[in-house]
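From first to last, the protein sequence lines stand for chains V and P.
Our numbering applies: residue 1 is where the first sequence begins, and numbers increase by one.
Our numbering applies: residue 1001 is where the second sequence begins, and numbers increase by one.
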Amino acid sequence: MIYFCYGVVSSVLKSLCIEIYTAVLRGVLPSHNKNIPINQCFLKAPVRNTWILLLLGCGVAYGGEPLDVRAIVDVRIVNTDSEQSFVNGGFGRTRFDTDHDGLRLGAVYGTARYRVSDTVTLNGDVAGYADGNSSALDVTQLFAQWRPFPVGPIRFSSKIGMFYPEFSMENRGPAWTPVYSVTPAAINSWYGEELRTLGTELTARWLGASAGYQGDVALVLGAYGWNDPLGLTLTSHGWNLHDRQTGLTGHLITPGNRWEHIHEFREIDGRPGFYAGVQWRHGDHLEVRAYRYDNRGDPAAFKDVYGWLTRFDTIGARLEVDENWTVIGQWLQGDTFLGPRDSWGIAWDMKSWFLLLSRQVNTWRFSLRHDDFNLNQYKGAGFVHFYDDDGGAWTVAASKDVGTQWQFMAEWLSINSRFLPRASYTKTQLAEQQLQLSLRYKWHY
Amino acid sequence: MCGICRLESRQTVTSIGHHFFNSVFRHLSQSLRYSAVTAFTFAFSTSWIHAAELSVQVTDRNGKPVEGVVVTISDDRMHHQGESRKWIMDQVNLRFVPQVLVVPVGAAVDFPNSDTVSHQVYSFSKAKSFQLPLYKGKLHPPVTFEKPGLIVLGCNIHDEMIGYIYVTPAQWFGRTDANGVFHTADVTTDKVTVTIWSPYIADADKVLTRSVDVHDATRIDFKLNKPLRNSPEPRPRNPEWDY
Chain V
1 MIYFCYGVVS
11 SVLKSLCIEI
21 YTAVLRGVLP
31 SHNKNIPINQ
41 CFLKAPVRNT
51 WILLLLGCGV
61 AYGGEPLDVR
71 AIVDVRIVNT
81 DSEQSFVNGG
91 FGRTRFDTDH
101 DGLRLGAVYG
111 TARYRVSDTV
121 TLNGDVAGYA
131 DGNSSALDVT
141 QLFAQWRPFP
151 VGPIRFSSKI
161 GMFYPEFSME
171 NRGPAWTPVY
181 SVTPAAINSW
191 YGEELRTLGT
201 ELTARWLGAS
211 AGYQGDVALV
221 LGAYGWNDPL
231 GLTLTSHGWN
241 LHDRQTGLTG
251 HLITPGNRWE
261 HIHEFREIDG
271 RPGFYAGVQW
281 RHGDHLEVRA
291 YRYDNRGDPA
301 AFKDVYGWLT
311 RFDTIGARLE
321 VDENWTVIGQ
331 WLQGDTFLGP
341 RDSWGIAWDM
351 KSWFLLLSRQ
361 VNTWRFSLRH
371 DDFNLNQYKG
381 AGFVHFYDDD
391 GGAWTVAASK
401 DVGTQWQFMA
411 EWLSINSRFL
421 PRASYTKTQL
431 AEQQLQLSLR
441 YKWHY
Chain P
1001 MCGICRLESR
1011 QTVTSIGHHF
1021 FNSVFRHLSQ
1031 SLRYSAVTAF
1041 TFAFSTSWIH
1051 AAELSVQVTD
1061 RNGKPVEGVV
1071 VTISDDRMHH
1081 QGESRKWIMD
1091 QVNLRFVPQV
1101 LVVPVGAAVD
1111 FPNSDTVSHQ
1121 VYSFSKAKSF
1131 QLPLYKGKLH
1141 PPVTFEKPGL
1151 IVLGCNIHDE
1161 MIGYIYVTPA
1171 QWFGRTDANG
1181 VFHTADVTTD
1191 KVTVTIWSPY
1201 IADADKVLTR
1211 SVDVHDATRI
1221 DFKLNKPLRN
1231 SPEPRPRNPE
1241 WDY
């Protein structure tokens, strides 16, 4: 454990030193990439590293009652027949490919929650994947939450900062990790890649217990900026299945390096987006969440990349059938636009759903999931259906908890997809399989 | 030091003789008084007032016993006897344990948190409104419930956590066991009001209260007409999830 902490801290320090060194050499603020000026990123690199150091510093220096710090180290043995992964600039839909498998660092997650007062908490998550697409640890969530004591049947709460809207029914673990399998479903993988609220969310929750009902109903409203490239990676490489979350300053490479690096969390058109939703919880047995999401992007706005107008509806439900069986389903349907609508602008319909069945047997959990995904490029100057994506996936996972700190998880993932842009690089129709044996150590302070 | 006349041991030898006789006399008279009271109480309780047995059974509309139902047996003519025992509403695996706690009016209830995560307990019920700022372990002093009524407990961090404290002025109270039965053997009055309550019972209040003459019945059956609310006992949860 000490070695791990030392390793994490030293790698962060090292990356900070490199940033400062580069900055001094250049005499300007450091920039990772040539294509996108750093001033269009939400946070500049030194600021990013300061955040990370602050988070870690909190954990090391204070501890005790107001602070809850958790870390997960996930080491994996991976075997895959996948094409060059999207992580490495290819069209492969899994995180690992034939050149990057064997013994791998699955992930390092850190999550800290600091209670400033009885009703205000500061929350921060960091994630590291050691794949060269972000610094050693990058911030995936960082927000303040205000949750006053209810004085009547309606309780208001609010979040401000960078955080995931509560769209996923799978990612219930610390640092937004999925708990039923190593790899989340295609919808949630996409959220991890591109979607984040950089803004604020307000929730009004009717607490049913006050009226004898064991459940509650909430109305949620979110407003945000810096999510204008939403849709770019999805349409560039289709629906992926992976557990990699893009950090605040991390970037992804589009296939074929058309855009060398994509910084996801950028403001391009100066127009805030919104989402509105309803959550319903019935005892411990059923939870349903339905949302409308619209980033209100201007598809004609351009700052190195175009703004994307992405709108979708999503419904997720989790049914706890009995003590052991869990059924989860999520469905998403919407569209995304790129470029001027009146001329060459391109438009896609996007659709995906999954159904997951999970059973707990003592300390074992077995899960089976089927994903279905589709992109339909119905508009484009002179060409349509060139960027279509159609496919599905099966995931089988088994996990075993050993005590409270160790977890073993095995997962087999099989993806079948048909994606036309892949034709010039590899095959249009592709079947990929990936086996992962993951060993996780969880630390809680 | 003498417990009766409060004579300090450092007082002079001359006063000790006086103290000795005085003290023997007083000790003697006090013990006589105690034995008289004891004899009177014994006679009163054994022969003059009969302690009756009373069983209350709750079954659903299919005749299946209902466990965990609050049963109170009261006689308005009698005074409520305060109890000095400790009442505990624990928090284990993101649950209130027990989910329903019945206490007499004036009871002081401890709210320890046995979880590894912090909780923030509140109630905005009319009978008692209170807040316990964020804590783990046993941090806050007990909360006293002075008024009868139902107190719905919540945790401001975990909305799924719901607990109930049923504060009653009744002389006899408890919850039904696995056979749906609450039994008491020391009902020392003749006419009582029997009331049952559970968060899962959907029947109207008038069905749930009954006046009973203890001489006529030793067993009271409540058969529910409406199906139980579809929320059985809460499931154990993984404290690492949605924490």
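Cβ coordinates follow ideal geometry from the N, Cα and C atoms, glycine included.
Query	Result
Could you give the DSSP three-state label for S85/V: helix, strand or coil?	strand
Would you identify the three-state DSSP class for S438/V, choosing helix, strand or coil?	strand
If the cut-off is 8 Å on Cβ atoms, which residues from the region 1109-1123 of chain P count as contacting chain V, listed in chain order?	T1116, V1117, S1118, Q1120 and Y1122
Please list the partners that L1134/P has in chain V, where partner means a Cβ-to-Cβ separation under 7 Å.	R115 and D118
Could you tell me how far apart the beta carbons of K379/V and A347/V are, in whole angstroms, since I believe they sit closer than 8 Å?	4 Å
Using a Cβ cut-off of 8 Å (strictly closer), state whether W439/V contacts chain P.	The amino acid occupying residue 439/V in the given sequence is Leu; Trp does not appear at that position. No, L439/V does not count as interfacial toward chain P.
Taking the alpha carbon of D322/V as the point to measure from, which residue in D313/V, D349/V and L357/V has its own alpha carbon closest?	L357/V
Going by DSSP in three states, R289/V sits in which element: helix, strand or coil?	strand
Can you grab the Cα-Cα spacing for the pair F366/V / T1193/P, in whole Å?	52 Å
Using CA coordinates, which residue listed in T203/V, G124/V, A398/V and N240/V is at the minimum distance from N450/V?	Not covered by the structure: residue 450/V. The range shown for chain V is 1 to 445.
On the three-state DSSP scale, how would you describe H237/V?	helix
For G90/V, name the three-state secondary structure that DSSP assigns.	coil
Classify V24/V as buried or exposed, calling it buried when 16 or more other Cβ atoms lie within 10 Å of its own Cβ.	Caution is warranted here: a pLDDT of 33 is assigned to V24/V, below 50, making its placement in the model unreliable, and the coordinate value is therefore given only provisionally. By the neighbour-count rule (16 or more Cβ atoms within 10 Å), V24/V is not buried but exposed.
Rounded to whole angstroms, what is the Cα-Cα separation between Q429/V and H285/V?	40 Å
At least one CB of chain P closer than 8 Å to the CB of A209/V: is that the case?	yes
Give a yes or no on whether the minimum CB-CB distance between F1042/P and chain V is below 8 Å.	Residue placement at F1042/P is flagged as unreliable, the pLDDT there being 43, under the threshold of 50; the coordinate-derived value follows with that caveat. Not one chain V Cβ lies under 8 Å of F1042/P.
Look up R448/V in the DSSP assignment and say whether it is helix, strand or coil.	In the structure displayed, chain V extends from 1 to 445; residue 448/V sits before or after that span and is not available.
Determine the burial state of M1078/P: buried for a count of at least 16 other Cβ atoms within 10 Å of its Cβ, exposed for fewer.	exposed
What number of angstroms, rounded off, separates the C-alpha of F1042/P from the C-alpha of V1071/P?	Summary for F1042/P: the model assigns pLDDT 43, below 50, so the residue's position carries little reliability, and this model does not support an answer.
Which chain V residues are close to Q986/P, counting only those with a beta carbon under 9 Å from its beta carbon?	The structure shown does not extend to residue 986/P, since chain P is modelled only from 1001 to 1243, so the question has no answer here.
Opposite D1183/P in the DSSP bridges: which residues?	Per the sequence presented here, residue 1183/P reads as His, with Asp not at that position. Note: H1183/P sits in a beta bridge opposite S1055/P.
Would you kindly work out how many angstroms separate the C-alpha atoms of T1168/P and N171/V, rounded to a whole number?	43 Å
Kindly indicate which three-state DSSP category L43/V falls into: helix, strand or coil?	With a pLDDT of only 49 at L43/V, under 50, the local geometry of the prediction cannot be trusted, and the value read off the model is given with reservation. Looking at L43/V - three-state DSSP - the assignment turns out to be coil, as it is neither helix nor strand.
Would you identify the three-state DSSP class for S352/V, choosing helix, strand or coil?	strand
Classify Y21/V: buried if its beta carbon has 16 or more other beta carbons within 10 angstroms, exposed otherwise.	Confidence is the limiting factor: at Y21/V the pLDDT is only 34, short of 50, which leaves the residue's position unreliable and the question unanswerable from this model.
Look at the Cβ atom of E193/V, then the Cβ atom of D228/V, and state whether they are nearer than 8 Å.	no
Considering only the beta carbon of each residue, do G161/V and L142/V sit closer than 8 Å?	yes
Taking the alpha-carbon positions, what's the K427/V to G89/V distance?	16 Å
Could you give the residue range of the beta strand (DSSP E) that holds E320/V?	W308 to E320
Does any residue of chain V bring its CB to less than 8 Å from the CB of W1241/P?	yes
Would you call the region 101-111 of chain V and the region 70-82 of chain V touching, i.e. three or more CB-CB distances under 8 Å?	yes
Any beta carbon of chain V sitting closer than 8 Å to that of Q1091/P?	no
Taking Cβ positions, are L338/V and G345/V nearer each other than 8 Å?	yes
With C-beta atoms as the reference, is V1152/P less than 8 Å away from L1054/P?	no
Kindly give me the distance between the Cβ atoms of V1100/P and G1180/P, rounded to whole angstroms, as I take these residues to be in contact under 8 Å.	V1100/P to G1180/P, Cβ: 15 Å. No contact.
Looking at P165/V and T197/V, is the spacing between their C-beta atoms short of 8 Å?	yes
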